[in-house]
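**Q**
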Amino acid sequence: MEKKKLVLGAAGKKEPGAVTLDIDPRHAPEVVHDLNKIPWPFEDNRFENITCHHALEHLDGVDGPMREMHRICRKTGEIYIEVPHHTSWCANAPEHKLRFSYFALDGYLEGGITKWATTDKKFTLIKRKITFNRAFRRYFLHILFNKFPLYYERFWAYIIPAENLVFCLRPVK
Amino acid sequence: MPEKVLDIGCGNNKIKGATGLDISKDTQADIIWNLNAYPYPIETDGIDKIYAKHVIEHVDDPIKFLNEVYRIAKPGGSCFIETPHFSCYVAYSEPQHKRYFSYFMIDEILKKVPFKLAKREVTFYKSFRFWGIKYLANKYPRSYERFWTYIFPAENVKIWLRK
């Protein structure tokens, strides 16, 4: 049976029900491919689920990958993206090329507030959240800051640094 | 003779009376051009006023870009640059941004570009302006960037250059 899930940048993680992809053959993924190279070796509307866990920040840009994810994901599918928040202590690792804020993918969202992004590939936002370390969650700060993300980014981001950003998207087709 | 004004990266918010230049066709641009391709299709010493708002963080090589802007500027002409400060979330809200600028980064760039620095400032969101933080940060920029940047994040860096 054809697998309906894709894991991008799997880095050695084994997932029996999913197609794993990585740039490094030493991780023994099912598909070895550099995500900066467009197109990706999958046909249109191939996958129901795409997981992109700490992979996007290693790429040269997000435009090509977002277009490819739009292409290979079904319109009922779901794309899970997790990247470090720009204030996270993990964000500045030497192999990271991109940093992300809460509003980083707004140009790709339906009704996103950025007006300068030029893309015709849009996604529906299912879920988006900033995650925090337990030390901050203890005081329920993650609930507060996810409720007021603009205020968080503007005033509190460097005082209460976040960990990761999670986006769940569905392509609009 | 009327003054020639060029708005680089004008988007849909072009400065009145200016010639617009942008990479995208869905803008008010008069010239569609990718700024990473040199030279730009504009004559040498032709422009009195150049605006480059939120552009320099998008180009591959800011030094090459400013040298090209220097070429098209008239002697005595001016160039205005605005870019997000590295402590502002807007800098990280657009994955196309190639780099993030501090107050002092233009000093390094101007060692390789013949422009003269006329003025520069770092701007803030209005609730910080209310507390006089903009005044203090611009008065003591080195202390601001060393100690206070992440407590009171800035918005943009504005730079005025003269040929």
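Residue numbers (my numbering), protein chains in the order written: chain A, -9 to 163; chain B, 124 to 286.
For every residue, glycine included, the Cβ atom is placed at its ideal position computed from N, Cα and C.
Nothing here was measured: the structure is a model prediction, and the numbers come from that model.
What is the DSSP secondary structure of D230/B, reduced to helix, strand or coil?
**A** helix
**Q** Which residues, taken in chain order from the segment 125 to 136 of chain A, show a beta carbon closer than 7 Å to some beta carbon of chain B?
**A** none
**Q** Roughly how far, in whole angstroms, is the beta-carbon of Y163/B from the beta-carbon of E191/B, given that I think they are within contact range, below 8 Å?
**A** 6 Å
**Q** Which bits of chain A does Y215/B rub up against, with CB to CB less than 8 Å?
**A** H76, R89, F90, S91, A94
**Q** Can you look up R64/A in the DSSP assignment and give me helix, strand or coil?
**A** strand
**Q** Helix, strand or coil for K187/B, going by three-state DSSP, please let me know.
**A** Here K187/B sits in helix by DSSP.
**Q** Since N279/B is in the beta strand (DSSP E), which residue starts that stretch and which ends it?
**A** 279 to 285
**Q** Give the DSSP bridge partners of I155/B, in chain order.
**A** D145/B
**Q** Once you ignore the five residues that flank P218/B on each side, which residues in its own chain have a CB closer than 7 Å to its CB?
**A** So no residue of the chain qualifies.
**Q** Can you give me, in chain order, the residues of the segment 217 to 245 of chain B that have a beta carbon less than 9 Å from any beta carbon in chain A?
**A** E217, P218, Q219, H220, Y223
**Q** Tell me, which residues are paired with I170/B by DSSP?
**A** A196/B
**Q** Using a Cβ-Cβ cut-off of 7 Å (strictly less than) and excluding sequence neighbours within five positions of K111/A, which residues of its own chain qualify?
**A** M56, R57, H60, Y98
**Q** For the putative contact between I13/A and D24/A, defined by C-beta atoms under 8 Å, what is the C-beta separation to the nearest angstrom?
**A** 5 Å
**Q** For L8/A, list the residues DSSP reports as bridge partners.
**A** Sequence inspection shows Ala at residue 8/A; the Leu mentioned does not correspond to that position. According to DSSP, which records beta bridges pairwise, A8/A is partnered with K(-5)/A.
**Q** Let me make sure I understand the geometry here. Which of P161/A, L49/A, A45/A has the alpha-carbon closest to that of L155/A?
**A** Out of P161/A, L49/A, A45/A, A45/A has the C-alpha closest to the C-alpha of L155/A.
**Q** Between which residues of its own chain and N35/A is the CB-CB distance below 6 Å, once the five residues before and five after are set aside?
**A** R64
**Q** Residues of chain B with a CB under 8 Å from the CB of R144/A: which are they?
**A** Y212, Y248, P276
**Q** Starting from the Cα of N123/A, find the closest Cα among F113/A, F135/A, K117/A and give me that residue.
**A** F135/A
**Q** Answer with buried or exposed for S266/B, where buried requires no fewer than 16 other C-beta atoms within 10 angstroms of its C-beta.
**A** Exposed, by the Cβ-count rule.
**Q** Mind listing the chain A neighbours of Y273/B? Cutoff is C-beta to C-beta under 8 Å, in chain order.
**A** Going along chain A in sequence order, the residues near Y273/B (Cβ under 8 Å) are Y148, I149.
**Q** What three-state label does DSSP hand S210/B in the structure shown?
**A** coil
**Q** Taking the CB atoms as reference points, tell me whether C202/B and L284/B lie closer together than 8 Å.
**A** Contact flag set, yes.
**Q** Starting from K235/B, follow the beta strand (DSSP E) in both directions and report where the run begins and ends.
**A** That residue, K235/B, is in no beta strand (DSSP E); it is neither H nor E in DSSP.
**Q** Would you check if there are 3 or more beta carbon pairs closer than 8 Å linking the segment 82 to 101 of chain A to the segment 131 to 146 of chain B?
**A** no
**Q** In chain B, what lies closer than 7 Å to V52/A by C-beta?
**A** P218
**Q** Quick check: the segment 154 to 171 of chain B against the segment 135 to 150 of chain A, are at least 3 beta-carbon pairs closer than 8 Å?
**A** Below 8 Å, too few C-beta pairs join the segment 135 to 150 of chain A and the segment 154 to 171 of chain B to call them touching: fewer than three.
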